[in-house]
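Engineer: Protein chains in written order, with the working numbering: chain A, 1 to 374; chain U, 1 to 245.
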Amino acid sequence: MVIGHLRRAYSSFAAHVFDIPPRFMAFLFLMILLLVPATGLGPYYLSIVIYANVMAILAASWDLLVGRTGQISLGHAIFFGIGGYGSALLFKYYGLSIWVTIPIAVLIGSLAALLLGFPCLRVKGPYLALVTMAFPLIISSTVSWGPLVDIFGGELGIRGLPGFFPFLPILQQRAAEYYFTLVLLFASSVLMYKTANSKTGIVFMSILDDELASKACGINVTRYKLLSFMISGLFGALAGCVQANLLKVANPPMFDISISFLPIIVTFLGGIGTIYGPIVGAYIYAILDRYVLTDLLPRLLRDNFQVMSLPSWYNFAKLLVFTLIVLILVIKWPRGVSRFTTDKLEDLEEARDLDERGPRIWKTYKKKKSSTPT
Amino acid sequence: MHLLEVDNLTKSFGGLTAIKNVSFHVDEGEMVGIIGPNGAGKTTLFNLLSGFLEPDSGNVTFKGENINGLAPYRIVNKGIARTFQVVRPFRHLPVIANVMVALKSPRGARKIEWIKTMERKAAEILEDVGLSELMLEPAGNVGHGDLKRLEIAKALATEPDLLMLDEPFGGLNPLETDYLTKSLMRMHLDEPSRGVLIVEHKLYALMKMVERVIVLHMGEKIAEGKPEEIAKNEKVIEVYMGKAT
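Next comes the structure, spelled out in structure tokens:
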């Protein structure tokens, strides 16, 4: 009885304290992120968060295409790579400033998405997934092809990009890059979220739910699918050219299959079809992959077990561990971490509603009791 | 000129001829029923008219324009809206957003003015079919009877000149059937120039509503006429009941 009472007290407390509207939560999240460089993190740790920011843009763009429109793409690296190479080539041949190459590269990515969309949208479901998977492979082997080495730089790619803030000292450079990517992430995720919840977004969702019924409503399905491809390609290319300029190189691994699968893992971690889910997922992924498994665990092993050099299979083991974690998450929380949290919050809200109703029922009960003559 | 004219329509799947030389017409403001036993080709006929299937031969003319082989969404934007026999809601979307998808089509967007927003228009349509209470509920949580009405709301949102209903009463209980019959009749009175084509198995409900009935059997039209005539037609009785011995 005491435990039950305590539990009720806790749930009432939680319901009143954790009652935060989602917009405020997003604001809070942003505020925390804005303070990250002020904690005096080293450049390596900052680069992890920068990486998370960029991957969040890529994953959110994938989520808009797959989670909201239902067009399964297993080749999102193509937009990533096109953005990177577009920006790098514009710098290499025209010497344009980074602030000019990024918008142009983003538009190129969007145009490429439109061109790819035409053949891709003739097929559906798993076939679409296979077709989209093939494109990055084709482009990747084209850019690393021998005869084109003068243009694309072969396997080494295009090096010597200027970076974002070359005039700052190295430590401040990282912080500046961090703020820049954070602003980009915030702006692009707000744009994508607004698009996904606009009237056009409703049509995207209808295509995901039932393409045939959507046609029967008079919707030109092909046009909306292409639109979705273009928006997704635009933000994918944005992520790509930011990444290329951060690393100061655009190389064939940007078209790698691991880049294609990364948004999938991240989105499933965070919650598919939410747009904000992949952002949460990207942070979890980046911290897990780049911090816990690359930095923390080796350090712990070295300090406590005197394991000085890690075995060569460690990288594969890392991948395996990560796969297992994702697998467990997908089985345990198939709707993703972010939606699990929002569900919990909704439960709490319900509990609070019950709590409010409680006294009222109690009052009526009391009233009834007093009114009935004994 | 008839609103819809179907001329010698034929469609076969492999060796099976689903629709064989069917011709009929629908006039403006007319309510026409199509009946027939299972496998008579009623749904195939609907799919041919709405562009989901392409006919082997024959012509479909709508408002004097040949609409053979047009894409489904183009046909909807010309003014033919259809519902499906098996409900096809957008399950992740709220009921009102289901209607807004249809309002986003060029034909549905035609009547939306600056003052009358899409949301208000959708709400009005939902009120017409009696779904305003479920407006914000995701369509996946809504019961079958309400989804049937949602199908009609989606079709009405494109402001069709010809409304094609594929078994609107399928799976409804008598009370719901009655309610839907009444609201369909009311809609018909509100929009007197709209033609309506109904495929239905519940003959009792259908015969009260329509002005003309077309009977299909094995892909062929075997009778056409007023409901009272059809009810007495020996060929129709034979198709439904079997031959009297």
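Just so it is clear, CB atoms sit at the ideal spot from N, CA and C, and this is done for glycine as well. These numbers were taken from a predicted model, which means no experiment stands behind them.
Assuming A:G75 contacts A:S228 (C-beta within less than 8 Å), just tell me the rounded distance between them.
Structural biologist: Position 75 of the first sequence, counted from the first residue, corresponds to residue 75 of chain A. Position 228 of the first sequence, counted from the first residue, corresponds to residue 228 of chain A. That pair is no contact at about 15 Å.
Engineer: Over what stretch of residues does the beta strand (DSSP E) that includes U:L163 continue unbroken?
Structural biologist: Translated into positions along the second sequence, residue 163 of chain U becomes position 163. Here the beta strand (DSSP E) through U:L163 covers L162 to D166.
Engineer: How about U:G108: is its C-beta nearer than 8 Å to some C-beta of chain A?
Structural biologist: Translated into the one-based positions of the second sequence, residue 108 of chain U becomes position 108. At least one chain A Cβ lies under 8 Å of U:G108.
Engineer: Tell me whether U:H144 sits in a helix, a strand or coil according to DSSP, three-state version.
Structural biologist: Here residue 144 of chain U refers to the residue found at position 144 when the second sequence is read from its first residue. Helix.
Engineer: What first and last residue would you give for the beta strand (DSSP E) that runs through A:A214?
Structural biologist: Numbered from 1 along the first sequence, position 214 holds the residue referred to as residue 214 of chain A. Sequence check: residue 214 of chain A is Ser here, not Ala. Segment E211 to A216 is the alpha helix (DSSP H) holding A:S214; no beta strand (DSSP E) there.
Engineer: What number of angstroms, rounded off, separates the C-alpha of A:Y85 from the C-alpha of A:S198?
Structural biologist: Numbered from its first residue, the first sequence carries residue 85 of chain A at position 85. Numbered from its first residue, the first sequence carries residue 198 of chain A at position 198. Roughly 32 Å separates the two Cα atoms.
Engineer: If you measure beta-carbon to beta-carbon, which residues of the segment 209-222 of chain A are closer than 8 Å to chain U?
Structural biologist: Residues passing the 8 Å Cβ filter: D209, D210, L212, A213, S214, K215, A216, C217, G218, I219, N220 and V221.
Engineer: How many Å lie between U:G170 and U:H201 at the Cα?
Structural biologist: The sequence position of residue 170 of chain U within the second sequence is 170, counting from 1. The sequence position of residue 201 of chain U within the second sequence is 201, counting from 1. When rounded, the distance between both Cα atoms is 8 Å.
Engineer: May I have the straight-line CA-CA distance separating A:M31 from A:Y179, to the nearest angstrom?
Structural biologist: On the first sequence, position 31 is the one that residue 31 of chain A refers to. On the first sequence, position 179 is the one that residue 179 of chain A refers to. Using only the alpha carbons, I get a separation of about 12 Å.
Engineer: On the DSSP bridge assignment, give the partners of U:M31 in chain order.
Structural biologist: Within the second sequence, residue 31 of chain U is the residue found at index 31, counting from 1. U:V196, per the DSSP bridge assignment.
Engineer: May I have the straight-line CA-CA distance separating A:W362 from A:V2, to the nearest angstrom?
Structural biologist: By 1-based counting over the first sequence, the position of residue 362 of chain A is 362. By 1-based counting over the first sequence, the position of residue 2 of chain A is 2. Its pLDDT being 42, under 50, A:W362 is placed unreliably by the model, and nothing is read from it.
Engineer: For A:I78, count neighbouring C-beta atoms within 10 Å of its own C-beta (all shown protein chains included) and say buried if the count is 16 or more, exposed if not.
Structural biologist: By one-based count along the first sequence, residue 78 of chain A stands at place 78. Buried, since its Cβ has 16 or more Cβ neighbours within 10 Å.
Engineer: Checking contacts by CB at 8 Å: is A:K414 closer than that to chain U?
Structural biologist: A query on residue 414 of chain A cannot be resolved here, the shown segment of chain A reaching from 1 to 374 and no further.
Engineer: So, with DSSP's three-state summary, where would you put U:T83?
Structural biologist: Mapped onto the second sequence, residue 83 of chain U falls at position 83. Here U:T83 sits in coil by DSSP.
Engineer: Can you name, in chain order, every residue of its own chain whose Cβ lies under 7 Å from the Cβ of U:V210, other than the five neighbours on each side?
Structural biologist: As a first step, residue 210 of chain U must be located in the second sequence, where it is residue number 210. Hits under 7 Å: M31, V32, G33, I198 and P227.
Engineer: Please confirm whether U:T177 has its beta-carbon closer than 8 Å to some beta-carbon of chain A.
Structural biologist: As a position in the second sequence, residue 177 of chain U is number 177, starting the count at 1. Cβ-Cβ to chain A under 8 Å: no for U:T177.
Engineer: Against chain U, does A:I275 count as a neighbour if the rule is that its beta carbon must be under 8 Å from one of theirs?
Structural biologist: The sequence position of residue 275 of chain A within the first sequence is 275, counting from 1. Chain U, which has no Cβ nearer than 8 Å to the Cβ of A:I275, makes this no.
Engineer: Out of U:K243, U:V215, U:H188 and U:R186, state which residue places its alpha-carbon closest to the alpha-carbon of U:A231.
Structural biologist: Locating residue 231 of chain U in the second sequence gives position 231, counting from the first residue. Out of U:K243, U:V215, U:H188 and U:R186, U:V215 has the C-alpha closest to the C-alpha of U:A231.
Engineer: Going by the beta-carbon positions, is the gap between U:A81 and U:M1 smaller than 8 Å?
Structural biologist: Counting from one through the second sequence, the residue named residue 81 of chain U turns up at place 81. Counting from one through the second sequence, the residue named residue 1 of chain U turns up at place 1. Not a contact, by the Cβ cut-off of 8 Å.
Engineer: Between A:I202 and chain U, is the shortest Cβ-Cβ distance under 8 Å, so that the two count as touching?
Structural biologist: Here residue 202 of chain A corresponds to residue number 202 of the first sequence, with the count starting at 1. So yes, A:I202 belongs to the interface.
Engineer: Between U:L180 and U:R149, which are expected to be in contact by the criterion C-beta below 8 Å, what is the C-beta distance as a whole number of angstroms?
Structural biologist: Here the question's residue 180 of chain U lines up with position 180 in the second sequence. Here the question's residue 149 of chain U lines up with position 149 in the second sequence. About 7 Å separates the two Cβ atoms, so the contact holds.
Engineer: Among A:P166, A:I139, A:F165 and A:L247, which has the Cα closest to the Cα of A:G154?
Structural biologist: Counting from one through the first sequence, the residue named residue 154 of chain A turns up at place 154. Measuring from the Cα of A:G154, the nearest candidate turns out to be A:I139.
Engineer: Listing by chain order, which chain U residues have their CB less than 8 Å from the CB of A:M205?
Structural biologist: For the purposes of this step, residue 205 of chain A is taken as residue 205 along the first sequence, with counting starting at 1. By Cβ distance, chain U contributes F90, H92, L93 and A97.
Engineer: Residues in the same chain with beta-carbon distance under 6 Å from A:F165, minus the five sequence neighbours each way, listed in chain order, please.
Structural biologist: Along the first sequence, one-based indexing puts residue 165 of chain A at 165. If we look at A:F165 and ignore the five residues flanking it on each side, its Cβ neighbours are Q173 and A176.
Engineer: Does U:K154 come within less than 8 Å of chain A when only Cβ atoms are used?
Structural biologist: To locate residue 154 of chain U, count along the second sequence from 1; it is residue 154. It does; some Cβ of chain A falls within 8 Å.
Engineer: What's the call for U:E54, buried or exposed, on a 16-neighbour Cβ count within 10 Å?
Structural biologist: For this step, residue 54 of chain U is matched to residue 54 along the second sequence. Burial call: exposed.
Engineer: Would you decide whether A:T39 is buried or exposed? Buried here means 16 or more other CB atoms lie within 10 Å of its CB.
Structural biologist: In the first sequence, residue 39 of chain A corresponds to position 39, counting from 1. The residue is exposed, with fewer than 16 neighbouring Cβ atoms inside 10 Å.
Engineer: Would you call the CB atoms of A:I275 and A:S144 closer than 8 Å?
Structural biologist: For this step, residue 275 of chain A is matched to residue 275 along the first sequence. For this step, residue 144 of chain A is matched to residue 144 along the first sequence. In this structure, A:S144 does not lie closer than 8 Å to A:I275 by Cβ.
Engineer: When every heavy atom of the ligand MN is checked, does at least one fall within less than 7 Å of the C-beta of A:P334?
Structural biologist: Looking for the ligand MN in the displayed structure turns up nothing, as the structure carries no ligands at all.
Engineer: How many angstroms separate the CA atom of U:I237 from the CA atom of U:A102?
Structural biologist: Taking the second sequence and counting its residues from 1, the one referred to as residue 237 of chain U is at position 237. Taking the second sequence and counting its residues from 1, the one referred to as residue 102 of chain U is at position 102. Going from the Cα of U:I237 to the Cα of U:A102 covers about 40 Å.
Engineer: Exposed or buried, what is U:P72 when buried is set at 16 or more other beta-carbons lying within 10 Å of its beta-carbon?
Structural biologist: Position 72 of the second sequence holds residue 72 of chain U. Result: buried.
Engineer: Terminal residues of the continuous alpha helix (DSSP H) containing U:D190?
Structural biologist: Mapped onto the second sequence, residue 190 of chain U falls at position 190. First-last of the alpha helix (DSSP H) with U:D190: P174 to D190.
Engineer: Identify which residue in A:R68, A:G42, A:G70 and A:L34 has its Cα closest to the Cα of A:N53.
Structural biologist: Stepping through the first sequence from its first residue, residue 53 of chain A is reached at position 53. When only C-alpha atoms are compared, the closest one is A:L34.
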